[in-house]
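Be aware that the sequence shown starts at 0, since it is given in numbering that gives the first Met the number 0, and climbs by one per residue.
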Amino acid sequence: MPVSVLLVAPGVDIAKEYYLGITLDRARQTATMIASAEGGVEIEEVNRKSPEKIIREHVDPFLGLRDYQIRNLAYGIETLEVAPGVTVVWRNMDPVQHSVIADDETFDSGLIDPGKSFTVTFTEPGQHTYHCMPHPFMKARVVVRDTMHTPANRAGGREEDE
Ligand SMILES: [Cu+2]
Numbered sequence: 000m001p002v003s004v005l006l007v008a009p010g011v012d013i014a015k016e017y018y019l020g021i022t023l024d025r026a027r028q029t030a031t032m033i034a035s036a037e038g039g040v041e042i043e044e045v046n047r048k049s050p051e052k053i054i055r056e057h058v059d060p061f062l063g064l065r066d067y068q069i070r071n072l073a074y075g076i077e078t079l080e081v082a083p084g085v086t087v088v089w090r091n092m093d094p095v096q097h098s099v100i101a102d103d104e105t106f107d108s109g110l111i112d113p114g115k116s117f118t119v120t121f122t123e124p125g126q127h128t129y130h131c132m133p134h135p136f137m138k139a140r141v142v143v144r145d146t147m148h149t150p151a152n153r154a155g156g157r158e159e160d161e
């Protein structure tokens with residue numbers, strides 16, 4: 000196919016790379032929205048090696064893309080990385096109740112009313128996956144960095160918003 004238009008944008012420092020795409024799923028007869036926090040360059044490779052890092056939402060052509068599906072994509076790819084000792088605050092900005100429950104049951108917020116929040120202080124390095132009880136499709140994780148392997152963190156102790 001001959002190239003007729005070439006778009007060139009100024010270079011930027013990449014803080015975080017996501018993959019977001021829509022593909023036609025002929026078997027399901029839907030458009031399928033695909034998202035991943037692993038960036039997009041090697042998305043086929045990500046799919047082979049760690050398919051759990053790719054979130055898919057099948058968009059019914061009659062209903063269109065629903066709010067909960069967008070939330071599902073956003074929650075599914077979200078990973079918050081923090082240093083040990085950091086307190087994470089979840090604030091419920093929705094008009095309905097949500098909850099924050101660790102998959103290994105180490106923390107459980109109970110139902111959080113709209114406008115209210117819940118906090119957990121993470122001390123142990125590792126991965127903490129969690130979900131929302133009324134909305135099991137809302138899943139995310141907090142990764143607590145192992146400071147032994149991050150020299151910048153050990154030296155400064157400076158917290159950065161990533
Ligand atoms: Cu919820």
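Glycine included, every Cβ here is placed at the ideal spot set by N, Cα and C.
So, is the C-beta of Gly38 closer than 8 Å to a C-beta in chain C?
Among the chains of the structure shown, chain C does not appear; only one protein chain is present.
In the DSSP output, what is Tyr74 paired with across the bridge?
What you label residue 74 is simply residue 75 of the sequence shown in a count that begins at 1. In DSSP, Tyr74 forms no bridge with anything.
So is the beta-carbon of Met0 under 7 Å away from any non-hydrogen atom of ligand 1?
Taking the first residue of the sequence shown as 1, we reach residue 0 at position 1. Met0 Cβ: outside cutoff for every heavy atom of ligand 1.
Less than 8 Å separating the beta-carbons of Thr86 and Thr120?
By 1-based counting over the sequence shown, the position of residue 86 is 87. By 1-based counting over the sequence shown, the position of residue 120 is 121. Yes. Within cutoff.
Taking the Cβ atom as the reference point for each residue, do Pro124 and Asn91 lie within a distance shorter than 8 Å?
Numbered from 1 along the sequence shown, position 125 holds the residue referred to as residue 124. Numbered from 1 along the sequence shown, position 92 holds the residue referred to as residue 91. No. Outside cutoff.
State yes or no: is the C-beta of Ile100 within less than 8 Å of the C-beta of Tyr17?
Residue 100 sits at position 101 when you count from the first residue of the sequence shown. Residue 17 sits at position 18 when you count from the first residue of the sequence shown. No, they are not a contact pair.
For Val8, list the residues DSSP reports as bridge partners.
Here the question's residue 8 lines up with position 9 in the sequence shown. The question names Val, but residue 8 in the sequence shown is Ala. Ala8 is not bridged to any residue.
Which class does Thr120 belong to by DSSP, given the choice of helix, strand or coil?
Translated into the one-based positions of the sequence shown, residue 120 becomes position 121. Note: Thr120 maps to strand in three-state DSSP.
Between Met169 and ligand 1, is there a pair consisting of the residue's CB and a ligand heavy atom that are separated by less than 7 Å?
Absent from the structure is residue 169, since the part of the chain shown begins at 0 and ends at 161.
CA-CA distance, Gln126 and Ser3?
Within the sequence shown, numbered from 1, the residue matching residue 126 stands at position 127. Within the sequence shown, numbered from 1, the residue matching residue 3 stands at position 4. About 47 Å.
Hey, is the segment 57-73 in contact with the segment 24-42, meaning 3+ C-beta pairs nearer than 8 Å?
Yes, the segment 57-73 is in contact with the segment 24-42.
If we ignore side chains and look at the alpha-carbon of each, how far apart do Met137 and Phe106 end up?
Here residue 137 corresponds to residue number 138 of the sequence shown, with the count starting at 1. Here residue 106 corresponds to residue number 107 of the sequence shown, with the count starting at 1. Straight-line Cα distance between these residues: approximately 16 Å.
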